[in-house]
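23 is the number of the first residue of the sequence shown in our numbering; add one for each residue after it.
Written out below as structure tokens is the structure these notes cover.
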Amino acid sequence: MDAAEEPQPPVIYTMENKPIVTCAGDQNLFTSLYPTLSQQLPREPMEWRRSYGRAPKMIHLESNFVQFKEELLPKEGNKALLTFPFLHIYWTECCDTEVYKATVKDDLTKWQNILKAHSSVDWLIVVVENDAKKKNKTNILPRTSIADKMRNDFCNKQSDRCVVLSDPLKDSSRTQESWNAFLTKLRTLLLLSFTKNLGKFEDDMRTLREKRTEPGWSFCEYFMVQEELAFVFEMLQQFEDALVQYDELDALFSQYVVNFGAGDGANWLAFFCQPVKSWNGLVLRKPIDMEKRELLQRQEATLLDLRSYLFSRQCTLLLFLQRPWEVAQRALALLHSCVQELKLLEVSVPPGALDCWVFLSCLEVLQRIEGCCDRAQMDSNIAHTVGLWSYATEKLKSLGYLCGLVSERGPNSEDLNRTVDLLAGLGAERPETANAAQSPYKKLKEALSSVEAFEKHYLDLSHAAIEMYTSIGRIRSAKLVGKDLAEFYMRKQSPQKAEVYLQGALRTYLAEGWALPITHTRKQLAECQKHLGQVENYLQTSSLLASDCHLTDEERRHFCREILGFAGQQSDPPGHKVVLPMHSFAQLRDLHFDPSNAVVHVGGVLSVEMTLCSQMPVPVHVEQIALSVHFSIEKNSYRKTAEWLTKHKTSNGVISFPAEATSLPASQHSPPALELHEVFERSPSDNALHTAGIICRNAHLLLRRQESGSSPDTPAGLTLEDGGHVLRCSGVTLEPGPNRITFRTQAREPGTYTLRQLCAVLGRVWFVLPHIYPLVQYDVYSQEPQLHVEPLADRLLAGIPQKVKFTVTTGHYTVKQGDSLQLSNVEAMLILGQAENRAVIYSNSREKSCDAWLRIQSSDKVTSISLPAAPAYHAIEFELDVLSMPPAPTTTGDGDTLGTSEPHEKHRDRQKAGLHMDSTDHKVSIDCPWSIYSTVIALTFSVPFRTTHALLSAGTRKYIQVCVQNLSELDFRLSDGALVDTGAGTHLQLVPLNTQCQQRIYSKQSVFFVWELKWVQEPPPSLHCRFSVGFSPASEERLSVSLKPYTYEFQVDNFFTLYTVRAEIAPPAGMEHCRTGALCCLEVSITRLSGLLEVDKDEALTESNEYFSTKLMYEVVDNSSNWAVCGKSCGVISMPVAAQATHRVHMEVMPLFAGYLPLPDVRLFKYLPHHSAHSSQLDAAGSRTTPCPWTSTWTSSWTAAASRGEAARTRPPAASTGACLCPGSRRFPPARSSTPAWAPRSWWSPARTTTCWKSVSHDRTSGSSAGLTASAL
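Structure follows, in structure tokens:
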């Protein structure tokens, strides 16, 4: 509370600064109230509303109460907020008027005059009331009189600036209320003053920042101003706002440095470009580094001083915010940016000084974070700190190289002097770390003191960094540190330790595909392997580097010379060779076979042209290039024919191999490609295929154990195949890039040859491609002579000449002059020999060799074909015409007769489904000169026609219709169609109705022939007919051979008419037409046309005294639901067997619709006894009834419908207004009854029809089932 005599520079410590409040008046009074006031003031939070739309915050106000002195009031131009008094309070407990007038009033007046002189308007007068003093004074005024006097004298317009505090030292409710009112007023005035002065300070700061482009503007001055604002926020415990101020300063300075690097520099940056003389690292153990702050104030700080002080303040605030991991992240970014800023500003830095500063700073940050967190937190947040560990390791390594601590001989005098200079730049150790055993200062000083100490510290840091990177999954970073460690071991002449780290790094880079790190690591590994004497591994790595395009040409040639130099040396022991993978030496691009199908017969010559792309930078002379070939024979002595092999081979004979990326050669640890091959198991007896599968031929390579400890470039597992089949090419010079190499071989043994390995020999060094993939094979066959006969067309048609192709594959047999094929003649097939027959001879590769004449000689039993002379493994092809006699088709029941009792739609569907040509096979036996056994071939000929017949009726007249359908793809000419009765009777006459002599029948079309059947006496019960017609292809005008006509035989039974049925509907009496819903009379007349015939003499015939009779059953049905049959719809009648005998039946029917309605169907059934009636009928509901003696066994040729085509005209009822009218009333009826009125007409009735309704499609006159009015049998 007591101020010093002399004003001292304030010593600022974070968290101890508080807003200053001065106290004037009675100091003893304030001293007695201070404990309570300082305890109660920060208890309640206040809402702080800021300008510029910033979010309000709740803060707790604390104050530093000091005695009022005029020296504390701010002078003009003073920008320090921490020493600024925000509020002035005058304390008094005067209760006597005389005392007030004598002393207090004058003291108050003097106090206010001083405040007004310094433009300070934030003040408060506190009058303390004490009841004890009031009792001792008898002449005092009421307590309000002194306060009112003061308000009148000093608070004219601000009466609230004078408050009364009643008995503040007592414990009563009145005292507590008084304290609450006073504290609220004090907090409000203090916050108002604070907001007002802070806003003014921010405005002044912005004004100063906007002048940064003016000459003479100083960043250090501005830094102090904005830091003052940060101190205020920190004083209010608003650490986030305070951190923002330092971040803005950081960003502003960084932008100026960037602009300086771009050529736009500021004058004040010259202060920070002075040479670096101290590099003692960051200071994070004090809230404020006053030493560096004073350097900034005096504008004597270097760039490292500014960055160190700025980060120390950011670190302090981040730790207050409990964000230590952000400290680590910011520190790593700071260290890297400082290195770049020193380069941009061209600051002079002694060698190694920056490394010392970075190393000390990394350890300082890590130890500061460790002091705030426990071990569990540190282990779980390694990802944030591992970067600092790695950076410290890197800088320590640089210091070791600089100071000669890594060389073989140790540091020299120059290195020692440099070490002394670096340690001198560190200065003395700071007092706060002097007692710490593992301070960064001590670690660095110890590491630079000796070679052994440096090695210990460097290995500890490296292993710690590798372990941390590995634990968080950053394997690539761990391998990078391992590479630095390997370089250290190489400097220390320990290549065996370095190899482990280099192999691990290379394996990672190969797996991830990093081209440049792969190249760099391989160079290091090659040096390591050379020191270790690993010849084979060194040669392998050298071959990879010689083919690496990321190296310079000189470097590639160097490694290539290393390989060639070793290859030219004498082997020790003799015969020892080094086997290396070929992918780094050369790459196989493609193979080309000649012949292109890679199929050659025994004794033939096969050439393989290979494109090999050399990866070496110089021409390389190769002593020998060899292709290892694996020979295999199919199981069960199965030999593939040349034809089969040709179909299953590539047409161009070129096999391409996928190009391997030269920048990323495949690791030897990657699994080899699958070599899949098909496997067939065939029966030994008939050579039939019964099992097919796939095998992997390199399963032993895929399933072998992978060695994890070996180098990824180590040629492990390379073995040379020692086989008897090898293709060689010697004395080859491989130029850089593509090279063509040709191998030739003569086939000796039949089988399959698979190219397995490719080997290039350079003295002691053998480059081997262990597996050629995709699978490459060529086949050698030894083929037996074969004869193959096949038609040239898809189908051979019977009856016309057809061409057949003969192919003789000579195989290993040589056809001599005079060899011939002996064909046994078949009676129904002729071989037509032409005057000029030529044969074509082809080579094995289907190239035409020559033409030759073919001589054909025929006899009764044998046809001899003389073959031209041909060498082995050639083919003879020629064509012959053959003629097959068409068989005479006959009827096979109802299936060959049109017009059966099935519906027309069903018959049409059956025709579409059954449109296939009948065929016949002819087997020909051929004797070949190369075999003692005969070869039997089968030729299938198809009959191009399908013929059906139909019996048509018109009353009692009968017609026979023959339909010829062309089922082939050719058009034919038909001529001389004839139909004859093959029976012995001469009383029948067939009158043709076709007038054209020749007709053209197109593909998939039909031609009909019709004859009328006439007789003069009782016709026989059956008629045997033969139809014949001449035919020839329409495309050929003349044929060299006469063709036999096409014949068709069939039989017609029961073709005469026995009964006629006539139905007639009469409207009700008094009506002209039938009406819907009214009963009408249906009269059915059944008339016998002839007397007793032979067909009537059966068990149903009964004889009476005057005539014979038979029983008939009639049935009236309406399947179209136009009529309702009322009463009995069926019955049995006894029909006299006499000419013109007639029976009439009457019944009632009711029309259901208006319009022209077809009459119901009338069906007749003939009676059969129980023992002969085994068929059944479907009733109206669709269920099957039990067998009954009535069955429709009569054919439709026995019946005729006299009323077919008639319709009854009906009208709607007179009282109905919604019914459809008939056509006569000019209204159209519904669609289901819209049937036109047809007059009675003649009609055609097909044979074997049970009802005319179902066979009406053959009625040439009506053409529709809607016009039928009666059914007939």
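Ideal Cβ positions, reconstructed from N, Cα and C, are used throughout, including at glycine.
Own chain, CB closer than 7 Å to residue i, minus 5 neighbours either side, in chain order
i	result
residue 520	508, 511, 512 and 550
residue 410	350, 353, 354, 384, 387 and 388
residue 838	891
Outcome for residue i when other beta-carbon atoms lying within 10 angstroms are tallied against a minimum of 16
i	result
residue 1168	exposed
residue 313	exposed
residue 960	exposed
residue 1033	buried
residue 394	exposed
residue 638	buried
residue 717	exposed
residue 214	exposed
residue 674	exposed
Cα-Cα separation between residue i and residue j, rounded to whole angstroms
i	j	result
residue 1131	residue 974	28 Å
residue 172	residue 305	55 Å
residue 1049	residue 1069	5 Å
residue 374	residue 240	31 Å
residue 1086	residue 1146	15 Å
residue 998	residue 1045	22 Å
residue 407	residue 376	20 Å
residue 346	residue 54	43 Å
residue 1139	residue 1096	19 Å
residue 116	residue 205	21 Å
residue 743	residue 794	13 Å
residue 1054	residue 1021	11 Å
residue 1002	residue 950	48 Å
residue 405	residue 262	24 Å
residue 1036	residue 1101	45 Å
residue 1090	residue 1024	56 Å
residue 232	residue 225	11 Å
residue 947	residue 780	52 Å
residue 429	residue 435	13 Å
residue 268	residue 462	26 Å
Under the three-state DSSP convention, the category residue i falls into
i	result
residue 1307	Lying outside 23 to 1295, the shown extent of the chain, residue 1307 is not represented and no answer is given.
residue 122	helix
residue 794	coil
residue 526	helix
residue 1308	Given a span of 23 to 1295 for the chain in the structure shown, any question on residue 1308 remains unanswerable.
residue 781	strand
residue 755	strand
residue 104	coil
residue 580	helix
residue 964	strand
Other residues of its chain near residue i: CB distance less than 8 Å, five sequence neighbours each side excluded
i	result
residue 538	572
residue 260	79 and 81
Residue-level contact to chain B via CB, residue i, 8 Å cutoff
i	result
residue 538	Within the model displayed, chain B is absent; a lone protein chain is all it includes.
Close Cβ partners of residue i (< 6 Å) along its chain, the five nearest in sequence each way excluded
i	result
residue 479	469
**Study point:** In chain order, each beta strand (DSSP E) run of at least 3 residues that lies wholly inside the stretch 988-1070
**Key:** 994-1003, 1010-1014, 1020-1023, 1028-1037 and 1044-1055
Review point. Curious, which full-length beta strand (DSSP E) runs of at least 3 residues does the stretch 585-663 contain?
Key: 600-603, 608-616, 621-623, 627-636 and 642-654
Review point. Can you list the beta strand (DSSP E) stretches of 3 or more residues lying completely in the stretch 1144-1172, in chain order?
Key: 1145-1148 and 1152-1158
Point to revise | Ranges of the alpha helix (DSSP H) found wholly within the stretch 455-495, counting only runs of at least 4 | key: 462-469 and 473-493
Exercise for review: At 4 residues or longer, and completely inside the stretch 267-322: list those alpha helix (DSSP H) runs for me, N to C.
Suggested key: 312-319
Exercise for review: At 3 residues or longer, and completely inside the stretch 27-98: list those beta strand (DSSP E) runs for me, N to C.
Suggested key: 42-47, 68-70, 79-81 and 86-89
**Study point:** Runs of alpha helix (DSSP H) wholly within the stretch 356-420 (minimum 4 residues, chain order)
**Key:** 375-394 and 397-402
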